[in-house]
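In my numbering, the protein residues as written are 44 to 457.
Beta carbons: idealized from backbone N, C-alpha and C, even for Gly.
Notes for the one structure printed next.
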Ligand SMILES: *Cc1c(COP(=O)(O)O)cnc(C)c1O
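Right, dumping it as structure tokens:
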């Protein structure tokens, strides 16, 4: 950090301000977290200097004595943590990981099927603005109008009719348990490759707090930085029969040199994820989400599906007479950081939708428990009821700074 501030004080100052911001705010963005000092150290290491196209033992550059060991350790930790036959730890992030899956199994124009974005799916599962929805014939399933839950009978009917090559499960705004075994059965029946994208929940899966897709899915795709609490990155796991296709699709199919500093940091995060402490963290993430959901319900918030089974809450603010975007901006001013989000069958536009999305991973990492969740719900209710009351927002932001000071965030000294 001293080197950074002497070479580039402008960027150094911005990093210091961001560290302060992350420390002083209640961070509820469902895809975010705080990584450990150890993960940060590996991320900011000399491994960023090294090129290593290929895989351990089969590289296209020399000098891989230590890189091969790092990547092999990372792979074996991933396999053992998730119980997978095969792991590829090179994808640059979740989106390229998914693109590699398409490249491994599909030709342009093939039919693919995933949860639609407006129902909580991810862009890369076939949404029309994404490459996955333009290079492939994407069919999207949704959630039921009455329950806002995925109806696997509907998924089965659509899959029988459309005969997709790939069937994706998973999403970015799914507050309930995903039934991987039922998806696998549908995929088997229609001859599809079943891809479980556990980007959001992989930390919960690793800890056994959410059922694992590994026994059921042909391919499991994940980011490494959400509940799993590693560096920014992606990872693919698969059955042995698909190992070659997946490896070839990642390199040389889609990517060049792997980001070795990220691989090292992922290895560290996977080691951390195998500990008792991580297990406790994952259990507490869900306990916190349930406590926050209950406290929000008590304060008149409408929750999609009525609550949550995981780290994520999706809230429809229509009954509070405020849009998601106005609420998110007012909450940010008050020290609560989250994102506006569409809700199923939203009547508003995606850039100013009806809902907000909330996740409890980051606040759980810094040590918040049930009493803090109730306090957060109370602050949220006050801000949402008075979105233009700047003195109120300033007062709450001050109270939040005081609370946060009692729960120092890992990896941040300020
Ligand atoms: C976050 C996410 C991704 C994409 O990950 P990036 O690292 O942002 O590219 C893919 N799939 C799902 C379900 C996600 O939640």
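How should residue 224 be labelled, buried or exposed, when 16 other C-beta atoms within 10 angstroms of its C-beta is the threshold for buried? By 1-based counting over the chain shown, the position of residue 224 is 181. Residue 224 comes out exposed.
So for residue 380, helix, strand or coil by DSSP? The count along the chain shown starts at 1 and reaches residue 380 at position 337. Judged by DSSP in its simplified three-state form, residue 380 adopts strand.
Taking 7 Å as the cut-off, is the C-beta of residue 212 nearer than that to any heavy atom in ligand 1? On the chain shown, position 169 is the one that residue 212 refers to. Incorrect: residue 212 has no Cβ contact closer than 7 Å to ligand 1.
Nearest to residue 308 by CA position, among 46, 107, 113, is which residue? Position 265 of the chain shown, counted from the first residue, corresponds to residue 308. Closest by alpha carbon: 113.
Give the single residue among 313, 379, 367, 270 whose Cα lies nearest to the Cα of residue 329. In the chain shown, residue 329 corresponds to position 286, counting from 1. Of all alpha-carbon atoms in 313, 379, 367, 270, the one lying nearest the alpha-carbon of residue 329 is that of 270.
Output yes or no for whether 8 Å exceeds the beta carbon distance between residue 133 and residue 301. Numbered from its first residue, the chain shown carries residue 133 at position 90. Numbered from its first residue, the chain shown carries residue 301 at position 258. Residue 301 is positioned such that its CB atom lies closer than 8 Å to that of residue 133.
Residue 165 beta carbon near ligand 1 (any heavy atom closer than 7 Å): On the chain shown, residue 165 is found 122 positions in, with the first residue counted as 1. Taking 7 Å as the cut-off, one finds at least one heavy atom of ligand 1 near enough to the beta carbon of residue 165.
To the nearest angstrom, how far is the alpha carbon of residue 433 from that of residue 421? Walking along the chain shown from the start, residue 433 turns up at place 390. Walking along the chain shown from the start, residue 421 turns up at place 378. The alpha-carbon atoms of residue 433 and residue 421 are separated by roughly 17 Å.
Look up residue 280 in the DSSP assignment and give the residues it is bridged to. By 1-based counting over the chain shown, the position of residue 280 is 237. According to the DSSP secondary-structure assignment, residue 280 is paired through a beta bridge with 130, 263.
Contact defined as beta carbons within less than 8 Å: I believe residue 325 pairs with residue 416. What is the distance between those atoms, to the nearest angstrom? Taking the chain shown and counting its residues from 1, one reaches residue 325 at position 282. Taking the chain shown and counting its residues from 1, one reaches residue 416 at position 373. A Cβ-Cβ distance of about 16 Å is found for the pair residue 325 and residue 416, leaving them out of contact under the 8 Å criterion.
Alpha-carbon spacing of residue 310 relative to residue 127, whole angstroms: Your numbering for residue 310 matches position 267 in the chain shown. Your numbering for residue 127 matches position 84 in the chain shown. So the two alpha carbons sit approximately 15 Å from each other.
By alpha-carbon positions, which one of 375, 348, 429, 353 ends up nearest to residue 188? Residue 188 sits at position 145 when you count from the first residue of the chain shown. Considering only alpha carbons, the answer is 348.
Hey, does residue 104 have any beta-carbon neighbour from chain C nearer than 8 Å? The structure shown contains no chain C; it is built from a single protein chain.
Is the distance from the Cβ of residue 95 to the Cβ of residue 109 below 8 Å? Counting from 1 along the chain shown, the entry for residue 95 is found at position 52. Counting from 1 along the chain shown, the entry for residue 109 is found at position 66. Not closer than 8 Å, so no.
Considering only residues of the region 352-440, which uninterrupted beta strand (DSSP E) runs meet the minimum length of 3 residues and lie entirely inside it, listed in chain order? Runs of the beta strand (DSSP E) spanning 3 or more residues and lying entirely within the region 352-440 occur at 355-359, 382-384, 398-402, in chain order.
Coarse secondary structure for residue 346, derived from DSSP in three states: Numbered from its first residue, the chain shown carries residue 346 at position 303. Strand, per DSSP.
Alpha carbon to alpha carbon, how far is residue 393 from residue 327? Here residue 393 is taken as the residue at index 350 of the chain shown, counted from 1. Here residue 327 is taken as the residue at index 284 of the chain shown, counted from 1. Roughly 31 Å separates the two Cα atoms.
Excluding the 5 residues preceding and the 5 following residue 249 in the sequence, name in chain order all residues of the same chain whose CB lies nearer than 6 Å to its CB. To locate residue 249, count along the chain shown from 1; it is residue 206. Cβ-Cβ distances below 6 Å link residue 249 to 124, 316 in the same chain, with the five nearest sequence neighbours on each side left out; the list follows chain order.
Going by DSSP in three states, residue 236 sits in which element: helix, strand or coil? Position 193 of the chain shown, counting from 1, holds the residue named residue 236. Residue 236: strand per DSSP, three-state reduction.
Buried or exposed: residue 313, going by 16 or more other Cβ atoms within 10 Å of its Cβ? Walking along the chain shown from the start, residue 313 turns up at place 270. With 16 or more other CB atoms across the displayed protein chains lying within 10 angstroms of its CB, residue 313 is buried.
Extent of the continuous beta strand (DSSP E) run through residue 210: By 1-based counting over the chain shown, the position of residue 210 is 167. It spans 209-212 - the beta strand (DSSP E) in which residue 210 sits, taken as one unbroken run.
Is it the case that the Cβ atoms of residue 242 and residue 137 are separated by a distance below 8 Å? Here residue 242 refers to the residue found at position 199 of the chain shown. Here residue 137 refers to the residue found at position 94 of the chain shown. Using a Cβ distance threshold of 8 Å, residue 242 and residue 137 count as a contacting pair.
From 172, 111, 272, 284, pick the residue whose C-alpha is nearest to that of residue 148; which is it? Counting from 1 along the chain shown, the entry for residue 148 is found at position 105. Checked all of 172, 111, 272, 284; the closest Cα to residue 148 is 284.
Going by DSSP, name the residue or residues bridged to residue 182. Walking along the chain shown from the start, residue 182 turns up at place 139. Answer is 156.
Inter-stretch contact (C-beta, 8 Å, three-pair minimum) for the region 381-391 and the region 426-445: Because the criterion of three Cβ pairs below 8 Å is not met, the region 381-391 and the region 426-445 do not touch.
Let's see if you can read the secondary structure: which residues bound the alpha helix (DSSP H) around residue 176? Residue 176 sits at position 133 when you count from the first residue of the chain shown. Where residue 176 is concerned, the enclosing alpha helix (DSSP H) stretches over 174-177.
Helix, strand or coil: which one does DSSP assign to residue 164? Here residue 164 refers to the residue found at position 121 of the chain shown. In the structure shown, residue 164 adopts coil according to DSSP, grouped into three states.
Would you mind working out which of 305, 232, 48, 215 sits nearest residue 158, comparing C-alpha positions? Translated into the one-based positions of the chain shown, residue 158 becomes position 115. Of the listed residues, the one whose Cα sits closest to residue 158 is 215.
Pick out whichever of 228, 238, 203 has its Cα sitting closest to the Cα of residue 145. Working through the chain shown from its first residue, we reach residue 145 at position 102. Answer by Cα proximity: 238.
From residue 98 to residue 361, what distance separates their C-alpha atoms? Taking the first residue of the chain shown as position 1, residue 98 is located at position 55. Taking the first residue of the chain shown as position 1, residue 361 is located at position 318. In this model, residue 98 and residue 361 are separated by some 51 Å (Cα to Cα).
For residue 253, verify whether its CB is less than 7 Å away from any heavy atom of ligand 1. As a first step, residue 253 is located in the chain shown; it is residue number 210 there, counting from the start. Every heavy atom of ligand 1 is 7 Å or more from the Cβ of residue 253, so no.
According to DSSP, residue 101 sits in a beta bridge with which residue or residues? Translated into the one-based positions of the chain shown, residue 101 becomes position 58. The partner list for residue 101 (beta bridge, DSSP) reads 98.
Which residues DSSP lists as bridging residue 69, in chain order: Locating residue 69 in the chain shown gives position 26, where the first residue counts as 1. Residue 69 pairs with 379.
Under a Cβ-count criterion, where at least 16 other Cβ atoms within 10 Å of its own Cβ denotes burial, should residue 65 be classed as buried or exposed? In the chain shown, residue 65 corresponds to position 22, counting from 1. So residue 65 counts as buried.
Classify residue 231 as helix, strand or coil using the three-state DSSP reduction. For the purposes of this step, residue 231 is taken as residue 188 along the chain shown, with counting starting at 1. Residue state, collapsed to three classes: helix.
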